[in-house]
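Novice: If you use this note's numbering, the sequence shown corresponds to residues 755 to 850, in order. C-beta atoms are modelled at their ideal positions from N, C-alpha and C, and glycine is treated no differently. Predicted model only: the values in this text are computed from it and were never measured. Provided herewith is a single structure, encoded as structure tokens, for subsequent inquiry.
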Amino acid sequence: ADETLVEVAGIIVCRQRPVTARGVVFLLLEDETGLANIVVYPRLMERQRSLIRLEPFVVVSGRVQRQDGVINLVAQSFRPLRRPRGLAAPASHDFY
755 ADETLVEVAG IIVCRQRPVT ARGVVFLLLE DETGLANIVV YPRLMERQRS
805 LIRLEPFVVV SGRVQRQDGV INLVAQSFRP LRRPRGLAAP ASHDFY
């Protein structure tokens with residue numbers, strides 16, 4: 755459990771809300787360095803649902819969580835990331 759506070763920016767390439775996850779949503783965020791696992795707990799999802807579901811480019815603030823060799827970012831807030839005019843966002847893979 756690292757718990758370091760970080761901020762990452764990128765494009766959401768996948769959104770998943772497994773039935774067994776009790777309302778937790780998992781995002782896969784891609785930037786120029788690779789992929790990051792983002793964990794979104796129900797309270798934050800309720801507060802920022804439209805941004806999380808509709809905005810392709812985001813900035814995520816949260817805490818690093820290391821468990822059993824897996825690194826996740828537990829999201830605390832989201833904000834849209836401005837993109838250059840004319841830059842189209844590819845479709846994400848959403849599993850709800």
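Between Q819, V794, G816, which has its C-alpha nearest R807's C-alpha?
Specialist: Stepping through the sequence shown from its first residue, residue 807 is reached at position 53. Checking every option, the nearest Cα to that of R807 belongs to V794.
Novice: Have a look at I766, V824, T774, Q770 and flag the residue whose alpha-carbon is nearest the alpha-carbon of D785.
Specialist: In the sequence shown, counting from the first residue as 1, residue 785 sits at position 31. Cα-wise, what sits closest to D785 is I766.
Novice: Please identify the residue among V828, L782, L789, R801 whose C-alpha is closest to the C-alpha of S846.
Specialist: Position 92 of the sequence shown holds residue 846. Among V828, L782, L789, R801, the Cα nearest to that of S846 is on L782.
Novice: How big is the Cα-Cα spacing for T758 and L805?
Specialist: Taking the sequence shown and counting its residues from 1, the one referred to as residue 758 is at position 4. Taking the sequence shown and counting its residues from 1, the one referred to as residue 805 is at position 51. The alpha-carbon atoms of T758 and L805 are separated by roughly 24 Å.
Novice: With 16 other CB atoms within 10 Å as the buried threshold, where does L841 fall?
Specialist: As a first step, residue 841 is located in the sequence shown; it is residue number 87 there, counting from the start. Exposed.
Novice: How close, in whole Å, do the beta carbons of V828 and E761 come, if the pair is a contact with beta carbons under 8 Å?
Specialist: For this step, residue 828 is matched to residue 74 along the sequence shown. For this step, residue 761 is matched to residue 7 along the sequence shown. At roughly 13 Å, the Cβ-Cβ gap does not stay under 8 Å, so V828 and E761 are not in contact.
Novice: Within its chain, find whatever has a CB closer than 8 Å to the CB of E789; leave out the 5 residues flanking it on each side and keep chain order.
Specialist: Translated into positions along the sequence shown, residue 789 becomes position 35. For clarity, residue 789 is Leu in the given sequence; the question names Glu instead. The residues are V767, L782, L783.
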